[in-house]
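Report on the following structure.
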Amino acid sequence: MKAANRSTAILIKLWFGLLFTFEFLFVTSLYSLGKEETPQTSKGMERSFQVQQEEAFTRARERMVVSQIEARGVRDPKVLAALRKVPRHRFVPLNLEERAYDDTPLPIGYGQTISQPYIVAYMTEVLQLKGGEKVLEIGTGSGYQAAVLAEITTHVYTIEIIPELADRARKALDDTGYGFVRTRKGDGYYGWEEESPFDAIIVTAAAGHVPPPLLNQLKAGGRIVIPLGGPYEVQMLTLVEKGIDSTFRTTQLMPVRFVPFTRKTDTR
Ligand code: SAH
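Residue 371 is where the sequence shown starts when you use the numbering used here, and the numbers rise one by one after that.
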């Protein structure tokens, strides 16, 4: 009788022991599951949020091309494809990302602006690029115009007078796959002699006259597009074509408003 009682007691102890062990294992496994699962799930959510955000930007970019650019008459398929492709939101300050595809220029710091998408498209179309040309831009700013050019030709050179903007544009271009664009800090008035001549030159700041070094660094048959006029007033977007006999023909295109073309002495 006593022996039977003892063995029952042992069995009961064993039973509870096992019960506690299983419960312990169950609780710890739940805990570790939770610990491992939570970060994985939130990482996944973060990734899918980023994908969704990129898709939203792509839709906004498509709307921008249709309603702001095609609607206003830009037809060059290379230009339209470039504007559909370049992630403009990666070239504006973070706090303005949501406005990147609006029909307007946006501030990029240091008193400068990224041009309105339509103006970027229009000026690019005026250059009549077929692909493969050597193009010089004066006024890198955000780097967006340079990226648009880089979708059409791999030989893009761009000069910016404000070093901080030049650094930021360099990074934006590298981060978005346009690392091959050549950037330079300095006064674009003098052009980029060592890399001249250029097939096309685009000036994205308002100047009082076409800098003569730019005229010299243009190939015969080449084109310059430049806003001409005083600072802080409406300027005239102007096309300058260099003939094969090195004569120049000037065409007024449309009134525009650009930030001023500055010289080294103005910025000190
Ligand atoms: N193309 C730019 C917008 C440029 S705003 C973009 O896509 O974002 C005009 C830029 O020209 C400004 O960044 C300004 O600092 C620069 N700039 C003005 N004068 C210049 C000069 N002499 N040489 C080079 N850059 C100049």
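For each residue, glycine too, the CB sits at the ideal point set by N, CA and C.
Residue i, enclosing alpha helix (DSSP H) - first and last residue
i: LYS455; result: 447 to 455
Between the CA atoms of residue j and residue i - distance to the nearest angstrom
i: LEU623; j: GLY613; result: 19 Å
i: ILE572; j: GLY414; result: 43 Å
i: THR632; j: LEU584; result: 15 Å
i: ARG593; j: PHE461; result: 26 Å
i: ALA426; j: TYR514; result: 19 Å
i: PRO477; j: LYS634; result: 21 Å
i: GLU407; j: GLN420; result: Its pLDDT being 47, under 50, GLU407 is placed unreliably in this model, and the value from its coordinates should be taken loosely. If you take the alpha carbons of GLU407 and GLN420, they lie about 20 Å apart.
i: PRO625; j: MET493; result: 12 Å
Endpoints, beta strand (DSSP E) assigned at residue i
i: PRO597; result: 588 to 598
i: PHE461; result: Where PHE461 is concerned, there is no enclosing beta strand (DSSP E), given that its DSSP letter is neither H nor E.
i: PRO625; result: 618 to 626
i: ARG552; result: 552 to 555
Residue i, DSSP secondary structure in three states
i: PHE631; result: coil
i: ALA570; result: strand
i: GLU603; result: coil
i: VAL444; result: coil
i: VAL610; result: strand
Reference residue i, options the options, closest by Cα
i: LEU497; options: VAL595, THR617, THR620; result: VAL595
i: MET434; options: ARG552, PRO457, TYR560; result: PRO457
i: LEU609; options: GLU495, LEU453, THR483, ALA470; result: GLU495
i: VAL490; options: GLU503, LYS504, SER512, PRO630; result: SER512
i: VAL604; options: ALA452, THR621, VAL629, PRO463; result: VAL629
i: LEU519; options: THR574, GLU467, ASP537, PRO597; result: THR574
i: GLU467; options: ASP446, VAL449, ARG431; result: ARG431
i: LYS448; options: ARG429, THR474, LYS500; result: LYS500
C-beta neighbour in chain D for residue i, strict 9 Å
i: ALA426; result: Judged by its chain identifiers, the structure shown contains no chain D, having just a single protein chain.
| request: For the region 473 to 549, list the beta strand (DSSP E) runs that are entirely contained and at least 3 residues long, ordered along the chain. | output: 476 to 479, 482 to 484, 504 to 508, 525 to 530
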